[in-house]
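Protein chains in written order, with the working numbering: chain A, 1 to 82; chain B, 101 to 182.
Scroll down for the structure; my scribbles are underneath it.
Number of protein chains: 2
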Amino acid sequence: MPTIVVDVMPKAELLDPQGKAVAGALARLDVDGFTDVRIGKRFELTVDGEVDEATLATARRIADEILSNSVIEDVVGIEVVE
Amino acid sequence: MPTIVVDVMPKAELLDPQGKAVAGALARLDVDGFTDVRIGKRFELTVDGEVDEATLATARRIADEILSNSVIEDVVGIEVVE
């Protein structure tokens, strides 16, 4: 069944304590080459049937209204995968 | 600066209580068309400089060893974005 993937990230202007913690851990473990880590969420919505325009519109609406908190997060991607 | 995106999802055979909660909320809110929701993590690693084979190898290693818990999670994607 097709899946719609919704990616949600903390807004760029906000601190991301989880990401900072991972970035700090990488530095302590001598992993270099990365200057920043940010952690967001990936939602996989399994679609019942075909993905049509209405399904995509619903996915966009729930991404904005239910899956993300627009005060602190941005929806950075909505894509259909098989 | 280029960014490496690492996607981590709970293993398919495991329950995902967060995802189940969202799926239940969608049903209660009369959003239909989706049979299942699973919630994973999206890591954005900002790369210091160019992305070469060594950087990608490091990203793959930390995705497996640090960013995910291989007992309960799978790394489902590693890709470079600008």
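Ideal placement from N, C-alpha and C gives every residue a C-beta, glycine not left out.
Item                                                                                                                    : Value
L145 (chain B) at chain A interface by Cβ criterion, 7 Å                                                                : yes
Range covered by the alpha helix (DSSP H) that runs through G77 (chain A)                                               : Run containing G77 (chain A): none in the alpha helix (DSSP H); it sits in the beta strand (DSSP E), E73 to V81.
Identity of the residues DSSP links to K41 (chain A) by a beta bridge                                                   : A:V8 and B:K141
Beta carbon of P102 (chain B) nearer than 7 Å to that of V175 (chain B)                                                 : no
Those residues which DSSP pairs with V31 (chain A) across a bridge                                                      : DSSP output for V31 (chain A) lists no bridge partner at all.
Neighbour list for G40 (chain A) in chain B, Cβ cutoff strictly below 9 Å                                               : K141, R142, F143 and E144
Distance, T58 (chain A) Cα to L145 (chain B) Cα                                                                         : 30 Å
Neighbour list for L26 (chain A) in chain B, Cβ cutoff strictly below 9 Å                                               : L145, I162 and I166
Residues that T146 (chain B) bridges to, as DSSP identifies them                                                        : A:D36 and B:T103
The stretch 19 to 26 of chain A in contact with the stretch 160 to 171 of chain B per 3-pair CB rule at 8 Å             : yes
contact_flag[the stretch 123 to 137 of chain B, the stretch 103 to 112 of chain B] where n(CB pairs < 8 Å) is 3 or more : no
Closer than 7 Å to chain B by CB, V75 (chain A)                                                                         : no
CA nearest to the CA of E182 (chain B), picked from B:E150, B:V171, B:I162 and B:E113                                   : B:E150
Start and end residues, alpha helix (DSSP H) containing I62 (chain A)                                                   : E53 to I62
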